[in-house]
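Chains A and B supply the protein sequences, listed in that same order.
Heads up: the first sequence at position 374 corresponds to 374 in our numbering, and the numbers run straight through without jumps.
So the number in our numbering is just where the residue sits in the second sequence, counting from 1, plus 1000.
Glycine is no exception: its CB is placed at the ideal position from the N, C-alpha and C atoms.
Please read these numbers as outputs of a predicted model, since none were measured by experiment.
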Amino acid sequence: MQALTFKRGVHPPDGKALSAEQPIQVILPKENSELFYPMSQHIGAPCEPLVAVGDHVKVGQKIAESPAFMSSPIFASVSGEVVDIRPMLVPGGATVKSIVVKNDGKMEEIEGLNQGRDYTTMSNEEILAAIKDAGVVGLGGAGFPTHVKLNPPKDTPIDHILINAAECEPYLTCDYRLMLEEPERIVKGLQIMLKLHPGAKGVIGIEMNKPKAIESMTKACEGIDNITVQPLVTKFPQGSEKHLIYAITKREVKSGALPASAGCIVDNVDTVVAIERAICKGRPLMRRIVTVSGKGIKNPGNYKIRIGMTLRDLVDAIGGFNEGANAPVKLIAGGPMMGPTLYTLDVASVKTTSGLLCFTQEEAFIPEERNCIRCGKCVEHCPMGLQPFLLNACALKGDGEGFVKHHGLDCIECGSCSYECPAKRQLAQSIRATKKIEAGKKAAAAAAARAKAEAEAKAKAEKN
Amino acid sequence: MANFVVSGTPHVRSKESIQSIMRDVIIALIPATAMGIYFFGIPALILIAVSIVASVFFEWLYQKLLKKPVTISDLSAVVTGLLLAMNLPASAPIWVPIVGAAFAIIFAKQLFGGLGQNFINPALAGRAFLLASYPTEMTSWTAPVGFSGADAAAVATPLATLKTGVMPDASLQDVIFGNIGGCIGETCAIALIIGGIYLLVKHVISWKIPVLYILTVFVLTAAIGRKGLRVPVYEIFTGGLMLGAFFMATDYASSPRYTERPSYLCHRLWYHHHTDQNFRRLPRRCILLYSDYEPGCTSDRKIHRT
């Protein structure tokens, strides 16, 4: 099958060889270690704790939830005592109220766990409720609640369910390993999703640099009519939702719209496995696969961890950092193109933690920023068709109006512009910062307009 | 506990740098430079060396005097110096490239903010300045005598002859290989094309500007001609067209980056190419003027455009 792709984009060295051939290893938290469960690990309303300090919790126990539809509950991944509820650092850099559980090492499971069901006999509502009740969110990085994604407005029919297995971020190999080791579960999860949208066809998009994964998934899909494996050109950001949709369906998602508006649902490989576990195994989201890589770590590999472990516990459990010249100087949560840096290892792993990269001095080299030479390479490579050099100039001048006028808010922050820039300008960084400010202003303006409209309507009603 | 570096994304960068781009441009100019020295001998070699040294010196001096970081290591001043020398007649006195380099680097480049902020190509600005100030020195063309030691006789360039509506004596082969009178770096079209292809292969320039420029001249010469003379194949190898199309029209700072713009600019280039009678070396004048059509990308650049 011919490999598909999108326009523009970049080709960073993939760095996957460090961990690609390492089978997934299960890492259990040590006895007496503390696990942190931040109340916001997803897009939407934060959860409220259901437990109090001193309570004993068991594996699989729901410890926090929110009544909002756009939210996702949180489960204990170990058994033990709730020792504190306090703010804790999460990989994105925010400090979030977290439930702290001291692991008693017994891994006692709560009753009612492991009651797998046959999805073919379940109604769509039951499936969606089960997915919501298992706390499944998009594990690719955004953390969009899966039950919301799978239940788009009725007027937007879904005809494609795309499994994002591009894994275009350099270094990360967790999705790759899943495809090699558990292809049947991915297919099963996709079949559950397809049951919700019978008119849709399932497409698993995999970049060409993972031939073994393509082979493995093709084999697992044999004999299933409505699922195909689609090879994709190896190019960053192939795994961006909008670009995956464009590559496979040639449809463009409008500015500010969700994928459902283009008839597509896109989910990451690990998310699909989480759906399968939730329905067929009756286990909520308590674990995830994390790639730990970079030259600064002793044993790069792919690890199945309990969500809530601190990254320090994870690093200690797998043998620690290298010493001397190969000691890490930079820690990145996620991939090197889009992952935020960490200033400490005392960070809770959350549902969306897909990787931890430990870069040595050599890998972490930050080149000096020079004058823009107007070569236009950022424009040539921007996957969104923007003009990053122009947005950068607006950002540096504080010209928010110009920034919005030149579609700065459509930036997906993939970093392709900074990657290509021969003058080594921090384009993506400046654009991201300005985007935050302008998006905030836009939201505030929208809220003000709404409040004004409401006040006017109220005044009108009173007058009458 | 070690302190960890915190920085914005992305954490990996391509190997390409300003220096590597400028190095590629210099490599691409080597064939034409070598042929220029081959045809015009020792005087050409001296002019090239003086021009490069003067350009780098003025960049260094300006940055030192203004206490700015010295950026001569990015090789952009070397490129300016080399291009300036290639746009000089071999008979030019030794002070000509020094004055030209001073104007190019200080006025056209640094005063506007340095690398990337210039609104016109510095080498061409330097040349335009020289041509306007010292027309005699700048238009005394000599025959290519190489290292023979013979006194170079004054000649007219093929383009100048073409403009009078007369077919020049030089054969097509001569204009392609550069065995004609003209500026040091412009005569050997084939060496310039080789250099241009190198830049295309290295993705330093895109094909659009050079191809559209040359094609515009070709098509319109075939269609309209000059004073009844229609020799498009001959014409595209004369004057500084190849040098201009591959190395100067593509100058990053002053060329359009929008893919749809070059076709529009072709009309402009043609217009200046054929109607402007004041400047004898036409392509350079065109490129200088078309810099003005460059969609000034940021509002602060508007002040540079008139």
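Candidates Pro-87(A), Gln-61(A), Glu-65(A) and Met-88(A), of which the one nearest Gly-80(A) by Cα: Gln-61(A)
In terms of residue numbering, what span does the beta strand (DSSP E) encompassing Asp-84(A) cover? Bounds of the beta strand (DSSP E) holding Asp-84(A) are 80 to 89.
What is the rounded straight-line gap between the Cα of Thr-1259(B) and the Cα of Leu-427(A)? Confidence at Thr-1259(B) is low in this model, with a pLDDT of 44, below 50, so the placement of that residue should be treated as unreliable; the coordinate-derived value is given next. Straight-line Cα distance between these residues: approximately 21 Å.
Looking at the unbroken beta strand (DSSP E) that takes in Lys-149(A), where does it start and where does it end? Counting along the chain, Lys-149(A) falls outside any beta strand (DSSP E), though it belongs to the alpha helix (DSSP H) covering 146 to 149.
Which class does Asn-209(A) belong to by DSSP, given the choice of helix, strand or coil? coil
Can you round the beta-carbon distance between Pro-1043(B) and Ala-1090(B) to whole angstroms, since I take them to be within the 8 Å contact cut? 5 Å
Taking Thr-355(A) as part of the beta strand (DSSP E), name the residues at either end of that continuous run. In the sequence on display, residue 355(A) carries Gly and not Thr. Residues 355 to 360.
Under 8 Å between C-beta atoms, does Cys-174(A) make it to chain B? no
When the cut-off is 8 Å and only beta carbons count, does Val-1006(B) lie next to chain A? Closer than 8 Å to some Cβ of chain A, the Cβ of Val-1006(B) qualifies, so yes.
Compare the C-beta of Ile-1018(B) against all C-beta atoms of chain A and say whether one is closer than 8 Å. yes
Complete alpha helix (DSSP H) runs within the segment 291 to 368 of chain A (minimum length 4 residues, chain order): 311 to 317
Counting Cβ pairs closer than 8 Å, one from the segment 118 to 130 of chain A and one from the segment 224 to 231 of chain A, do we hit at least three? no
Which residue comes first and which comes last in the alpha helix (DSSP H) that contains Asn-124(A)? 124 to 133
Whether or not the segment 279 to 298 of chain A and the segment 161 to 180 of chain A are in contact is what I'm after, with contact meaning three or more pairs of Cβ atoms, one per stretch, closer than 8 Å; do they touch? yes
In the structure shown, what three-state DSSP assignment does Gln-115(A) receive? coil
Based on the DSSP secondary-structure assignment, which residues constitute the bridge partners of His-56(A)? Glu-81(A)
Where does Lys-424(A) sit, in a helix, a strand or coil, going by DSSP? coil
Looking at the structure shown, is Ser-1073(B) part of a helix, part of a strand, or coil, going by DSSP? helix
If we ignore side chains and look at the alpha-carbon of each, how far apart do Ile-366(A) and His-1011(B) end up? 8 Å
Considering only the alpha carbon of each residue, which of Gly-263(A), Pro-73(A) and Asn-326(A) lies closest to Lys-250(A)? Taking only the C-alpha atoms, the option nearest Lys-250(A) is Gly-263(A).
Just to confirm, is the Cβ distance from Met-39(A) to Val-78(A) under 8 Å? no
Sheet register partners of Thr-95(A) (DSSP bridge): Leu-89(A)
Check whether the Cβ atoms of Ala-1153(B) and Pro-1097(B) sit closer than 8 Å, and answer yes or no. no
Is the separation between the beta-carbon of Val-1047(B) and that of Ala-1092(B) shorter than 8 Å? For the record, residue 1047(B) in the displayed sequence is Leu; it is not Val. Contact flag set, yes.
Flag this pair as yes or no: are the beta carbons of Ile-431(A) and Ala-395(A) separated by less than 8 Å? yes
Along chain A, in chain order, which residues have C-beta atoms closer than 7 Å to that of Leu-1115(B)? Asn-371 and Ile-373
Taking C-alpha atoms, which residue in Met-1086(B), Ser-1020(B) and Phe-1107(B) lies nearest to Ile-1052(B)? Of the listed residues, the one whose Cα sits closest to Ile-1052(B) is Met-1086(B).
Compute the minimum distance between the beta carbon of Trp-1095(B) and the heavy atoms of the ligand NAP, and state whether it is under 7 Å. Annotation note on the ligand NAP: not contained in the displayed structure, which lists no ligands.
Roughly how many angstroms lie between the CA atoms of Ser-1133(B) and Val-1025(B), to the nearest whole one? 29 Å
Lys-201(A) - DSSP class collapsed to helix/strand/coil: strand
Whose Cβ in chain A lies nearer than 7 Å to the Cβ of Ser-1171(B)? In chain order: nothing, as chain A lies at least about 39 Å away.
Selection from Gly-256(A), Gly-400(A) and Val-272(A) that minimises the alpha carbon distance to Ala-134(A): Closest by alpha carbon: Val-272(A).
Please return the same chain residues whose Cβ sits closer than 7 Å to the Cβ of Ala-1340(B), not counting the five positions on each side in sequence. This structure cannot speak to residue 1340(B), because chain B is shown only from 1001 to 1306.
Show which residues of chain A have a CB atom less than 7 Å away from the CB atom of Pro-1043(B). Those do not exist, as Pro-1043(B) stays about 33 Å from chain A at its closest Cβ, beyond 7 Å.
Here's a check: name, in chain order, each residue in its chain whose Cβ is nearer than 8 Å to the Cβ of Leu-1172(B), leaving out the five neighbours to either side. Val-1233, Tyr-1234 and Phe-1237
For Gln-41(A) and Pro-91(A), what's the separation of their Cα atoms in angstroms? 10 Å
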